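Counting in this note's numbering, the sequence shown runs from 8 upward without gaps.
Backbone N, C-alpha and C fix where the C-beta goes; we use that ideal spot for every residue, glycine too.
None of these values were measured; they are calculated from a predicted model.
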Amino acid sequence: MAVGMEVSDSSNLKQSPFQIQAWNRYGLGTLCEAVDPSLQVTFGEEEARKLLQIGLLCVLASAELRPSMSMVVKMLKDNHEIPQPTQPPFLTAASAK
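Here it is, written out as structure tokens:
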């Protein structure tokens, strides 16, 4: 995800406020607004959308639904089609609104 913080434990990602915000923004069609301003980097809108959408795929709760690293590389480098993420099961209906 395009956030300016270190990930030290993957279990912390399951319900991080940034991840919930990214899912909410994705659902609203405003995913680019989820880029963390503390990164102090200017992303093009298309690049930010692409990176965040791939990030959402990589944190799906079910490992079977996540792309392999080789597929992530293809999505990043080869202009490969990026699948639409599905809502991870750990989000409740209330937090997804």
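Check, Outcome
"Range covered by the alpha helix (DSSP H) that runs through F50", "Unbroken run through F50: none, as it is neither H nor E."
"Buried versus exposed call for G51 [16 or more other C-beta atoms within 10 Å across all chains shown]", "exposed"
"Which of helix, strand or coil DSSP assigns to Q91", "coil"
"Where P24 sits in the DSSP three-state scheme", "helix"
"Inter-stretch contact at 8 Å, needing at least 3 Cβ pairs: the region 31-45 / the region 71-86", "no"
"Pairwise C-alpha distance: P92 and E53", "16 Å"
"Start and end residues, alpha helix (DSSP H) containing S45", "First-last for S45: undefined, no H or E at that position."
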